[in-house]
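S.K.: Residue numbers (this note's numbering): 145 to 513.
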Ligand SMILES: Nc1ncnc2c1ncn2[C@@H]1O[C@H](COP(=O)(O)OP(=O)(O)O)[C@@H](O)[C@H]1O
Ligand SMILES: [Mg+2]
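1) Would you mind working out which of 385, 415, 484, 278 sits nearest residue 391, comparing C-alpha positions?
2) Along the alpha helix (DSSP H) that carries residue 338, what are the first and last residues, could you check?
3) Would you check if there are 3 or more beta carbon pairs closer than 8 Å linking the stretch 283-298 to the stretch 238-249?
4) Beta-carbon within less than 6 Å of residue 257's beta-carbon, same chain only, minus the 5 sequence neighbours each way: which residues are those?
5) Tell me the rounded alpha-carbon separation between residue 370 and residue 250.
6) What does DSSP give as the partner residue(s) for residue 209 in the beta ladder?
7) Counting only beta-carbon separations shorter than 8 Å, does residue 264 have a partner in chain D?
8) Considering Cα atoms alone, identify which of 400, 385, 404, 387 is closest to residue 394.
9) Could you tell me the alpha carbon to alpha carbon distance between residue 323 and residue 358, rounded to whole angstroms?
10) Taking DSSP's pairing of strands, which residues face residue 222 in a bridge?
11) Need the endpoints of the alpha helix (DSSP H) that residue 453 sits in, please.
12) CA-CA distance, residue 326 and residue 478?
13) Check residue 189 in the structure and name its three-state DSSP category.
14) Determine the direct distance from the alpha carbon of residue 178 to that of residue 361, and round the result to whole angstroms.
15) Expressed to the nearest angstrom, what Euclidean distance is found between the alpha-carbon atoms of residue 421 and residue 489?
16) Quick one: residues in its chain with C-beta nearer than 6 Å to the C-beta of residue 198, no 5 flanking neighbours on either side, listed in chain order?
17) Taking buried to mean at least 16 other C-beta atoms within 10 Å of its own C-beta, is residue 472 buried or exposed?
18) Let me make sure I understand the geometry here. Which of 215, 455, 307, 346 has the alpha-carbon closest to that of residue 284?
19) Look at the Cβ atom of residue 146, then the Cβ atom of residue 311, and state whether they are nearer than 8 Å.
20) May I have the straight-line CA-CA distance separating residue 511 from residue 374, to the nearest angstrom?
21) Quick one, which of 388, 226, 476, 347 has its alpha-carbon nearest residue 173's?
22) Let me know the secondary structure DSSP gives residue 510 once reduced to three states.
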């Protein structure tokens, strides 16, 4: 097991900077997930840890050793990719044992390690098959076996499940977690899929445009997104976001008919400023259009999810989703009311998109004042 410390790591291809100073500490034995949209620099970061890509600036430490100048094979990392490229003419056993053969490990030891690995990934019955005679999930397990057999200190997973169908993906996620519990090796798992990230990670690193936006448990990231980007990227449906102004009464105003009183806003620096207001679909409630305090909206369409449904509405020109559990949903074009509890509201600065937490005004905190 190994800890990883990433300090101010940057990467530029020619003059094009793609990773802009990433700082991250990964504890020994931890399973972390790096989540971000395609092109945000996830693979580049992973490849820099593995030593497959030179770093432009900063430091990478593995197990207390500076590895900037170390060859990939000296770093003790094993990578599992989306395109696992097994050798088609080799059996499962030969595929798993290939790296050991290349490293000159004696035949008997090789066979023992391949057998032990096959057991870990559940491929004992398939050791003599060739990749063409395996399912997608079995091939992915061979790829994982190839990584495990080398007994790496660190596992680096680069979207290894993206090519699998939805059901298999869920099963493989569970397998990867089980594997981690069993082997305890430090693992970094990269994905663009927020559901995968939420279900896999002890800790989530959300990246965007070559920078870390937030580090936290899945619950922290979901419940207290640090930026507008995270709010929008994590969660399905995405958090509802609307741009408006906080007026001098501390009321968020989308338009004349759609206003939400924000607790503590009146004392804050936000008065008179534009902000982005966010509300999760499950935090909002669908009510009759004439209900007191309801914001008027019109139903666009209803998304059936089996266990519940999401009503997509037009809220004064902004699309706004409400999750409901009622068996009956309103129809397209119907007027509805949306009720938002101010306690469920998230605020983000208009300029840099950072989360704004309003402190209670001093007077309320200090009864003597
Ligand atoms: N070898 C390369 N040469 C030039 N640009 C690259 C190279 N590899 C990646 N990039 C660029 O770096 C950025 C980050 O890429 P990547 O790390 O692969 O993103 P992700 O894995 O998050 O999808 C992208 O804009 C990509 O085009
Ligand atoms: Mg990638």
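C-beta atoms are modelled at their ideal positions from N, C-alpha and C, and glycine is treated no differently.
M.R.: Reading off the structure:
1) 415
2) 338-344
3) yes
4) 293
5) 52 Å
6) The partner list for residue 209 (beta bridge, DSSP) reads 206.
7) Checking the listed chains, one finds no chain D in this structure; it contains a single protein chain.
8) 404
9) 27 Å
10) 299
11) No alpha helix (DSSP H) holds residue 453; the beta strand (DSSP E) holding it covers 453-459.
12) 54 Å
13) helix
14) 12 Å
15) 7 Å
16) none
17) exposed
18) Considering only alpha carbons, the answer is 307.
19) no
20) At residue 511, the pLDDT of 48 sits below 50, so the modelled position is not reliable; the number obtained from the coordinates is stated separately. When rounded, the distance between both Cα atoms is 37 Å.
21) 347
22) Because the pLDDT at residue 510 is just 49, under 50, the model does not fix this residue reliably, and the point stays unresolved.
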